[in-house]
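Peer 1:
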Amino acid sequence: MSGPALPGARAGKIRVGLFVTCLVDLMRPSVGFAAVKLLEDAGCIVDVPVQTCCGQPAFNSGDRGTARDLAEQVITAFRGYDYVVAPSGSCAGTIKVHYPEIFADDPNWLPKVADLAARTYELTSFLVDVMGVTSVDARFDGAVTYHDSCSGLRELKVKAQPRKLLASVQGLTLVEMNDSDVCCGFGGTFAVKYSDISGAIVDAKAKNIEATHAPTLLAGDLGCLMNMAGKLSRDGKPIAVRHVAEVLAGMTDEPAIGEAKETSS
Numbered sequence: 000m001s002g003p004a005l006p007g008a009r010a011g012k013i014r015v016g017l018f019v020t021c022l023v024d025l026m027r028p029s030v031g032f033a034a035v036k037l038l039e040d041a042g043c044i045v046d047v048p049v050q051t052c053c054g055q056p057a058f059n060s061g062d063r064g065t066a067r068d069l070a071e072q073v074i075t076a077f078r079g080y081d082y083v084v085a086p087s088g089s090c091a092g093t094i095k096v097h098y099p100e101i102f103a104d105d106p107n108w109l110p111k112v113a114d115l116a117a118r119t120y121e122l123t124s125f126l127v128d129v130m131g132v133t134s135v136d137a138r139f140d141g142a143v144t145y146h147d148s149c150s151g152l153r154e155l156k157v158k159a160q161p162r163k164l165l166a167s168v169q170g171l172t173l174v175e176m177n178d179s180d181v182c183c184g185f186g187g188t189f190a191v192k193y194s195d196i197s198g199a200i201v202d203a204k205a206k207n208i209e210a211t212h213a214p215t216l217l218a219g220d221l222g223c224l225m226n227m228a229g230k231l232s233r234d235g236k237p238i239a240v241r242h243v244a245e246v247l248a249g250m251t252d253e254p255a256i257g258e259a260k261e262t263s264s
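The sequence shown: position 46 = 45 (numbering that gives the first Met the number 0), numbered continuously.
#1: Quick check on the DSSP output: what are the complete beta strand (DSSP E) runs of length 3 or more inside the stretch 115-174, in order along the chain?
#2: With Val282 and Ile44 assumed to form a contact (beta carbons below 8 Å), what rounded beta-carbon distance in angstroms separates them?
#3: Between Leu247 and Ala137, how many whole angstroms is the CB-CB distance? I'm expecting something under 8 Å.
#4: Spatial neighbours of Ala8 within its chain, please: C-beta separation below 8 Å, excluding the five flanking residues on both sides.
#5: Roughly how far, in whole angstroms, is the beta-carbon of Pro265 from the beta-carbon of Gly31, given that I think they are within contact range, below 8 Å?
#6: Roughly how many angstroms lie between the CA atoms of Val335 and Thr20, to the nearest whole one?
#7: For Tyr157 and Asp180, I'd like the C-alpha separation in whole angstroms.
#8: Find out if the Cβ-Cβ distance for the pair Tyr145, Leu217 is shorter than 8 Å.
#9: Okay, do the stretch 55-63 and the stretch 183-200 touch, 3+ Cβ pairs below 8 Å being the bar?
#10: If we count the other Cβ atoms within 10 Å of its Cβ and call it buried at 16 or more, is Leu25 buried or exposed?
#11: Over the uninterrupted beta strand (DSSP E) stretch that includes Asp46, give me the two end residues.
#12: Starting from Tyr98, follow the alpha helix (DSSP H) in both directions and report where the run begins and ends.
#13: Starting from Ala213 and walking both ways along the alpha helix (DSSP H), at which residues does that stretch end?
#14: Indicate the three-state DSSP secondary structure (helix, strand or coil) for Ala228 in the structure shown.
#15: Measure the alpha-carbon distance for Cys183 versus Lys204 and round it to whole angstroms.
#16: Assign Val35 to one of three DSSP states: helix, strand, or coil.
#17: Buried or exposed: which applies to Ala33, given that a residue is buried once 16 or more other Cβ atoms fall within 10 Å of its Cβ?
#18: What's the C-alpha gap between Val240 and Gly229?
#19: Looking at the strands, I want to know which residues DSSP matches up with Val265.
#20: Taking the alpha-carbon positions, what's the Asp105 to Cys90 distance?
#21: Grouping DSSP H, G and I as helix and E and B as strand, with all else coil, what is Arg27?
#22: Can you give the Cα-Cα distance for Gln55 and Ser197, rounded to whole angstroms?
#23: Based on the DSSP secondary-structure assignment, which residues constitute the bridge partners of Arg241?
#24: Please report the straight-line C-alpha distance between Glu154 and Gly88, rounded to a whole angstrom.
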């Protein structure tokens, strides 16, 4: 699918449109900057078009009208890029898996949706599966454990890719937790609608995290990370929580998720 020429595009370079995600934009911009660095280090030209929510909260709540309106904006905004990459399995999964459901009965939009879905990837999957990245130039001293977010794992088959990249980070040791592929209890609106169930699930997840004795927790979805960080903080557990992109990019100067920045007196 052809589109308008993109600013800064050069012949032979892969043009990537970064889908930043709402949570990254509003809560953790450092993840977006880390994603840009990783993509540029892989040889891509990265652009961040004007964008909005992918529509996942509306879709999960049954509001198909709003979900479709938002999806149309995303489809238009990311027209013309070779690939669309998101540092989130849930947002990438919404575009790749659920957009075709939303437009299933619309022959005019469905080809555009299918085109976008075919070009959309979660960040670590894109780096490993498309760009063939086998290592990153980063260092992180210490042990980490890794949580497999539900959407990335089940909808996009993201599991080996982040671990392959983490294995190349100097000084890092990965300690696998029990049930790393079990839900953290967030599930977007699920955590609000079924707070008691959500709380029980994240309680079990926190116990598995603590049992590794790793001082740092990583994952690829900010919603999951914020949920787990909140639980660990409420329990008084001094475990740093970070998005995997920050470690892979060597950009860990920012305080961990939920930690306050130090201020000079």
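Note that beta-carbon positions come from the ideal geometry of N, C-alpha and C, so glycine has one too.
No experiment lies behind these values; they were computed from the predicted model shown.
Peer 2: According to the data block:
#1: Contiguous beta strand (DSSP E) elements confined to the stretch 115-174 occur at 119-121, 138-145, 169-173, taking only those with 3 or more residues.
#2: Since the first residue of the chain shown is 0 and the last is 264, residue 282 is not available in this structure.
#3: Start at 1 with the first residue of the sequence shown, and residue 247 comes out as number 248. Start at 1 with the first residue of the sequence shown, and residue 137 comes out as number 138. Between Leu247 and Ala137 a beta carbon distance of about 6 Å is seen, short of the 8 Å cut, so the two are scored as contacting.
#4: In the sequence shown, residue 8 corresponds to position 9, counting from 1. Below a pLDDT of 50, predicted positions are generally treated as unreliable, and Ala8, at 42, falls in that range; the measurement from the model is reported next regardless. Within the same chain, Ala8 has close Cβ partners Arg14, Ile44.
#5: Coverage of the chain is limited to positions 0 through 264, which leaves residue 265 absent and any answer about it impossible.
#6: Residue coverage of the chain in this structure runs from 0 to 264, which leaves residue 335 outside it and unanswerable.
#7: If you number the sequence shown from 1, residue 157 lands on position 158. If you number the sequence shown from 1, residue 180 lands on position 181. Contrary to the premise, residue 157 reads as Val rather than Tyr in this sequence. If you take the alpha carbons of Val157 and Asp180, they lie about 11 Å apart.
#8: Here residue 145 refers to the residue found at position 146 when the sequence shown is read from its first residue. Here residue 217 refers to the residue found at position 218 when the sequence shown is read from its first residue. Yes. Within cutoff.
#9: In this structure the stretch 55-63 lies against the stretch 183-200, because at least three pairs of beta carbons, one per stretch, are closer than 8 Å.
#10: Position 26 of the sequence shown holds residue 25. Classification for Leu25: exposed.
#11: Reading the sequence shown from its first residue, position 47 is the one you call residue 46. Residues 43-46.
#12: On the sequence shown, residue 98 is found 99 positions in, with the first residue counted as 1. Per DSSP, Tyr98 belongs to the alpha helix (DSSP H) from 98-101.
#13: In the sequence shown, residue 213 corresponds to position 214, counting from 1. Per DSSP, Ala213 lies in no alpha helix (DSSP H) and is assigned neither H nor E.
#14: For the purposes of this step, residue 228 is taken as residue 229 along the sequence shown, with counting starting at 1. Correct three-state label for Ala228: helix.
#15: By 1-based counting over the sequence shown, the position of residue 183 is 184. By 1-based counting over the sequence shown, the position of residue 204 is 205. Using only the alpha carbons, I get a separation of about 6 Å.
#16: Counting from 1 along the sequence shown, the entry for residue 35 is found at position 36. Correct three-state label for Val35: helix.
#17: Your numbering for residue 33 matches position 34 in the sequence shown. For Ala33, the number of other beta carbons within 10 angstroms of its own is at least 16, and it is reported as buried.
#18: As a working note, residue 240 is residue 241 in the sequence shown. As a working note, residue 229 is residue 230 in the sequence shown. If I take the Cα positions, the gap works out to 10 Å.
#19: Here the chain covers residues 0 to 264 and nothing more, so residue 265 does not appear.
#20: Counting from 1 along the sequence shown, the entry for residue 105 is found at position 106. Counting from 1 along the sequence shown, the entry for residue 90 is found at position 91. Near 22 Å, if we compare the C-alpha coordinates of Cys90 and Asp105.
#21: For this step, residue 27 is matched to residue 28 along the sequence shown. Residue state, collapsed to three classes: coil.
#22: Position 56 of the sequence shown, counting from 1, holds the residue named residue 55. Position 198 of the sequence shown, counting from 1, holds the residue named residue 197. Straight-line Cα distance between these residues: approximately 19 Å.
#23: Along the sequence shown, read from residue 1 onward, the residue named residue 241 stands at position 242. Paired residues: Leu217.
#24: Taking the sequence shown and counting its residues from 1, the one referred to as residue 154 is at position 155. Taking the sequence shown and counting its residues from 1, the one referred to as residue 88 is at position 89. Approximately 8 Å between the Cα atoms of the pair.
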